[in-house]
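Worksheet for the structure shown next.
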Amino acid sequence: MSGLVVSPFDRQRYVGSVCTVRPATVDVNLPFAPRPGSTHVAGYSLQRGQVGEFVVIEGEEHAVLGRLIETRLPERDRLTVEPTHEVDQRPNPVGVVQLLTAIDLETGIPLRGVPISPRIGQHVFSAHPLVVKQVVEAGTTPEAQRINLARFPHARDTLVSLSPTQLLGRHCAVLGATGGGKSWTLALLVEEIVRLGGKAILFDATGEFHTQNNPGITHVHLGGRKTDQNDPRRFLSFPYWDLTESDLFVLLRPSPGVQAPKLKEALRSLKIAQLVPGTATHGLIRKVGALRHPFEAACVQHGLALRRPGTYFDIQQLSNQIWEECVWPSGFNAAQSGNWGGANANEQSACSTLMSRIESELASPNLECLFAPAGLEPLPGVVEAFLADPAQRVLRISLEFLSFEHSAREVVANAVGRYLLGLARQGRFMAMPVVVLLDEAHQFLDKSVGDEFSKTDLDAFGLIAKEGRKYSLTCVLATQRPRDIPEDVLSQMGMFIVHRLINERDRNVVEKACGDLDASAAAFLPTLGQGEAMVVGVSSPMPLPVAINRPARPPSSRSADYENLWG
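Quick note on numbering that gives the first Met the number 0: the sequence shown kicks off at 0 and runs consecutively.
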């Protein structure tokens, strides 16, 4: 048994014997279960028959690792545990053990599934924490290069550490109800990424991770402005010209019929005014009675630049350009057939509400980071500098000051995700893999924002989950509402860290998305304490209950102190 750190069949850890065998579970006699309290063997606690305990079933070539999911008394012994029972008769409890995986006794390597079922009469032992640790951590990654994630709830001095590939390589989902410990887990992952010399971008929806002030973390804000010259915070813009046309339509909300096509034309005209200045007068394309050919030739010549985000235009001229677009398509006689016609008063009247809406949006302080980027650092430039600087490890983008008004927060976060995916497709992360951590992920996934006439799908982070891995861009999605995450996105997650989940629909969604989390393991989720979680994933041989390590700098996610602040 040179492959195992300790012998799995320690007689002092004897629990009982197998009395019934089924394909996925076995029944075990538990003669020591009625004894009160737990004992200790060699410094490790010994539960001997407690629900949730890991056990090892003796075999010739393999040890079968299982988990006790139920204990009960046979009907005839039911009253033997009552204090009123007169006859001194010992109860004979029986436990149900779910079979999880088998361990090769020679190498200590866990196997997928259980190749040989246990037999009746085989001895069952309480699993030593170091055996469980070895099964979970199976791999060749040195301890120093692993993520120190958690400890065992019943053996707090036994550390559970996973390799970055195991935990983050196939995307990771951190799920759990409010107060379950999701934010702690996210903060811990950030600290471990910094310690291991990785790179990550954290989208902080509420600003609670401002406590992460260790070296290597860069803090920036989208939305808001400095309060005064002494304000040390860095406020960024995401310039409007980096948004797609559909993003702008969601923010500006043109009605169908006249407004939407005129807005589309105006955006194209303003881009041509910048690309071919000779066609413009004072930054505008004047169309009343003007020749159409020069403008149309410029549109053909610059077709690619017109279609992609990133082509600059002057949005301050947008309402004026919409007014210029309200013309008849051609002149009234044959001599003027190559020209635009005169002003169309009906269209000008129909577009007046859109023009006033645009003026108010451009002046809105909540949308300054989009429409008034002057004086603010552009986010794309900050991301480029972050990727180029080896000293920067985590870029925290706080969205706390970004308005929910007109879906601006969702649109901007989606645009940043799309920008990162564009960098990934160019192969920018192949030499240094990047992890995107998205807090409150349900706000940015599985949603269409806008009305029925101008809407855009928030699909950037879903696309990162589906195709980012091949470009070395992976994501960690943290949410308290797994039912609001698209099923096809959850199914891409290779690792789940599931904190307490009370809602049955949430548990069903997680159970369905994660093949290794069956109903008996999911049944433990509502009873998990704060900071406890079930770690389960593709590269994990079994669902593992753990107590997540406390981060060095916990996030500020506490509620108000009503007792001390009131009265």
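We put the beta carbon where it would ideally sit given N, CA and C, even for glycine. Since the structure is predicted, the reported quantities are computational estimates derived from the model, not experimental observations.
Let me know the secondary structure DSSP gives residue i once reduced to three states.
{"i": "GLY15", "result": "strand"}
{"i": "ARG395", "result": "strand"}
{"i": "HIS301", "result": "coil"}
{"i": "PRO544", "result": "strand"}
{"i": "ASN28", "result": "strand"}
{"i": "GLU383", "result": "helix"}
{"i": "LEU366", "result": "helix"}
{"i": "ALA265", "result": "helix"}
{"i": "MET492", "result": "coil"}
{"i": "MET0", "result": "The predicted model places MET0 with a pLDDT of 38, which falls under 50 and marks its position as unreliable, so this point remains unresolved."}
{"i": "ASP483", "result": "helix"}
{"i": "GLU562", "result": "helix"}
{"i": "PHE234", "result": "strand"}
{"i": "ASP241", "result": "helix"}
{"i": "PHE202", "result": "strand"}
{"i": "THR455", "result": "strand"}
{"i": "MET354", "result": "helix"}
{"i": "GLU295", "result": "helix"}
{"i": "ALA342", "result": "strand"}
{"i": "GLU376", "result": "strand"}
{"i": "LEU500", "result": "coil"}
{"i": "LEU527", "result": "coil"}
{"i": "LEU274", "result": "helix"}
Can you name the start and end residues of the beta strand (DSSP E) that residue i belongs to?
{"i": "VAL80", "result": "First-last for VAL80: undefined, no H or E at that position."}
{"i": "LEU250", "result": "Here LEU250 belongs to no beta strand (DSSP E); instead the alpha helix (DSSP H) covers 244 to 251."}
{"i": "VAL50", "result": "First-last for VAL50: undefined, no H or E at that position."}
{"i": "LEU67", "result": "61 to 71"}
{"i": "LEU444", "result": "First-last for LEU444: undefined, no H or E at that position."}
{"i": "GLY536", "result": "531 to 536"}
{"i": "HIS218", "result": "216 to 221"}
{"i": "THR473", "result": "472 to 478"}
{"i": "VAL433", "result": "433 to 437"}
Can you find the residues in the same chain that come closer than 6 angstroms, C-beta to C-beta, to residue i, ignoring five residues on each side of it along the sequence?
{"i": "PRO7", "result": "VAL55, ALA62 and VAL130"}
{"i": "ALA259", "result": "PRO253"}
{"i": "SER519", "result": "ILE68 and GLN97"}
{"i": "SER162", "result": "GLY138, THR140 and ARG145"}
{"i": "LEU262", "result": "PRO253"}
{"i": "LEU489", "result": "ALA512"}
{"i": "GLY223", "result": "PHE234 and PHE400"}
{"i": "VAL4", "result": "LEU129 and GLN133"}
{"i": "ILE501", "result": "ALA176 and PRO525"}
{"i": "MET431", "result": "LYS198"}
My guess is that residue i and residue j are in contact by the Cβ rule of under 8 angstroms, so how many angstroms apart are they, rounded?
{"i": "ALA176", "j": "GLN479", "result": "6 angstroms"}
{"i": "ILE484", "j": "LEU543", "result": "About 22 angstroms separates the two Cβ atoms, so there is no contact after all."}
{"i": "ASN481", "j": "VAL435", "result": "Residue identity check: residue 481 is Pro in the sequence provided, not Asn. Not confirmed; about 18 angstroms, so no contact."}
{"i": "PRO553", "j": "THR210", "result": "7 angstroms"}
{"i": "VAL249", "j": "SER406", "result": "6 angstroms"}
{"i": "GLY215", "j": "ALA390", "result": "7 angstroms"}
{"i": "PRO117", "j": "ASN91", "result": "So it is not a contact: roughly 20 angstroms between Cβ atoms."}
{"i": "PHE202", "j": "ILE463", "result": "Between ILE463 and PHE202 the Cβ distance is about 12 angstroms, and since that is not below 8 angstroms, they are no contact."}
{"i": "HIS127", "j": "TYR13", "result": "That pair is no contact at about 13 angstroms."}
{"i": "GLY94", "j": "LEU29", "result": "5 angstroms"}
Given residue i, which residues of its chain have a CB within under 8 angstroms of its CB, disregarding the five upstream and five downstream residues?
{"i": "ARG150", "result": "ASP156, THR157, LEU158, VAL159, VAL545, ALA546 and ASN548"}
{"i": "VAL537", "result": "ARG169, GLY493, MET494 and ASP515"}
{"i": "ARG267", "result": "CYS298 and LEU305"}
{"i": "PRO328", "result": "TRP339 and GLY340"}
{"i": "VAL426", "result": "Per the sequence shown, the amino acid found at residue 426 is Gly instead of Val. Only TYR470 meet the Cβ criterion."}
{"i": "ILE284", "result": "SER268, LEU269, ILE271, ALA272, THR278, PHE294, GLN320 and GLU323"}
{"i": "GLU190", "result": "GLN211, ASN213, PRO550, ALA551 and ARG552"}
For residue i, would you say it is in contact with chain B, using Cβ-to-Cβ distances shorter than 8 angstroms as the test?
{"i": "LEU283", "result": "Structure shown: chain B not included; a single protein chain is present."}
Return the first residue and the last residue of the alpha helix (DSSP H) that residue i is part of.
{"i": "GLU503", "result": "503 to 512"}
{"i": "GLU409", "result": "407 to 424"}
{"i": "ILE321", "result": "317 to 324"}
{"i": "LEU283", "result": "Careful: LEU283 lies outside any alpha helix (DSSP H) and carries neither H nor E."}
{"i": "ALA518", "result": "518 to 521"}
Excluding the 5 residues preceding and the 5 following residue i in the sequence, name in chain order all residues of the same chain whose CB lies nearer than 7 angstroms to its CB.
{"i": "GLU264", "result": "GLU324"}
{"i": "GLU562", "result": "none"}
{"i": "ILE461", "result": "Going by the sequence as given, residue 461 is Gly instead of Ile. Contacts found: LEU444, PRO485 and VAL488."}
{"i": "ARG409", "result": "Sequence check: residue 409 is Glu here, not Arg. The answer, listed in chain order, is GLN442, PHE443, LYS446, VAL448 and LEU457."}
{"i": "GLN529", "result": "GLY178, GLY179 and GLY180"}
{"i": "VAL381", "result": "VAL219 and LEU235"}
May I ask whether a heavy atom of the ligand ZN can be found less than 7 angstroms away from the beta carbon of residue i?
{"i": "CYS171", "result": "Among the components modelled here there is no ligand, and therefore nothing to report on the ligand ZN."}
Those runs of the alpha helix (DSSP H) which lie wholly inside the stretch 90 to 169 and span at least 4 residues: 128 to 135 and 163 to 167
Minimum length 4: unbroken alpha helix (DSSP H) runs contained in the stretch 166 to 199: List check, alpha helix (DSSP H) in window: 181 to 194.
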